[in-house]
Amino acid sequence: MVVDHLSVTFAALSDPTRRSIVARLTAGPATVMELAAPFSISQQAISKHLAYLENAHLIERQRAGRQNYCAIKPDTIREVADWAEGYRRIWENNFQRLDALLAEMKSEKKLSPKSAKPAVKKRKEHETQ
Amino acid sequence: MKLSDTFKVTTPGDLEIVMARDFDAPPDMIFDALTKPELVRRWLLGPEGWIMPVCEIDLRVGGAWRYGWRNEESGCEFGMHGEYREINRPGRIVHTEFFGEGESLVTSSIAAKGETTTLTMTMRFASRAERDAALETGMADGVAVSYDRLEETLASTASVKGGIE
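As they're listed, the protein sequences go chains A and B. The numbering used here applies: residue 1 is where the first sequence begins, and numbers increase by one. The numbering used here applies: residue 1001 is where the second sequence begins, and numbers increase by one.
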């Protein structure tokens, strides 16, 4: 299922070290040594993180001659982006309608937008239109 | 900066989704828009094409709320319900939210920021799978929105051709 698949992806991205590895790889492939350089943890620990990311299909290992490279898997990253985008779009729609509703409520209450008076808080008016 | 540009969705923890957005209205008014059924059903509609035939709010601690949506074209229905845990007009509302098998605790903070007001909604899920499922729903609907937009475009093209507008 897609949800389970995404859960693995997000579990992999829930760790800050792994996130920064992914961020680094968006700039291009890198060796394990290069990836380990910015962190003060053992190369073995980095390898564990890489295995995690590989398992989640976020990165893949490539071989060039005797060197092992890690590279990003764009499809998975795109899936994550799409997922967040869909959620965002729904709420963007909601909030744009809320903008319109609030504008209407303001004009109904005849609050002058220019007035520097504090918002009416204590006064409880009846809103029986 | 446009208000829509202030919209941010983040997932700061494994179990959380946080949405923040600025609005050009005082906190009181936003509180009303979030808690009065006649106002809620005018904006909390998700993608285009959905209406909200069910919107019941018993605004007191321990009081229940129930929302139900229907897609006018496909007849699809979708619902949520929950209970209010904390009500602090106009700054804070905490409620539980049940949808399908999922459950979350939603905290809405409404804070004045200069002439605008920031609404921050934090959804905390019982498990990561639930959080992901919630976002997954959003993704499916996001696709639906695209189709709706396409239909809209086609419809407006048709009406221009027919000289209706």
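We put the beta carbon where it would ideally sit given N, CA and C, even for glycine.
Under the DSSP assignment, S1108(B) falls in the beta strand (DSSP E) whose first and last residues are G1102 to K1113. Annotated as proximal: R18(A) and L53(A), with beta-carbon spacing under 7 Å.
The shortest C-alpha to C-alpha distance from F1023(B) to any of A1111(B), E1083(B), G1068(B) and E1072(B) is the one to A1111(B).
With fewer than 16 other Cβ atoms from the protein chains shown falling within 10 Å of its own Cβ, A45(A) counts as exposed. Interface flag for F1031(B) against chain A is unset, since no Cβ pair is found closer than 7 Å.
Look at I77(A): its C-beta is not under 7 Å from any C-beta on chain B. Bounds of the alpha helix (DSSP H) holding T17(A) are P16 to L25.
Not one beta carbon of chain A lies nearer than 7 Å to the beta carbon of W1069(B). Non-local beta-carbon contacts of L1045(B) in its own chain, meaning distances under 8 Å to residues more than five positions away in sequence, involve I1051, M1052 and W1069 in chain order. Counting of Cβ neighbours within 10 angstroms places E1097(B) among the buried residues, the total reaching 16 or more.
If you draw a 10 Å sphere on the C-beta of R1021(B), you find 16 or more other C-beta atoms in it, and that means buried. Closer than 7 Å to the CB of W1050(B) there is not a single CB belonging to chain A. Contact annotation: the segment 1108-1122 of chain B touches the segment 1025-1035 of chain B, with at least three C-beta pairs closer than 8 Å. One finds R97 and L101 in chain A with Cβ atoms closer than 8 Å to the Cβ of R1042(B), taken in chain order. Neighbourhood of R18(A) in chain B, by CB distance below 7 Å: empty, with the nearest CB roughly 13 Å away.
The three-state reading of DSSP puts R1041(B) in helix, counting H, G and I together. Secondary structure at P1027(B): helix, using DSSP grouped into helix, strand and coil. If you compare the alpha carbons of D82(A), T76(A), Q96(A) and S47(A) with that of K1002(B), the shortest gap goes to Q96(A).
Taking CB atoms only, R1021(B) has a neighbour in chain A less than 7 Å away. With its beta carbon less than 7 Å from one in chain A, V1009(B) belongs to the interface. DSSP, reduced to helix, strand and coil, places L101(A) within a helical segment of the structure shown. Considering only beta carbons, no part of the segment 41-75 of chain A lies closer than 9 Å to chain B. Interface flag for G1114(B) against chain A is unset, since no Cβ pair is found closer than 7 Å.
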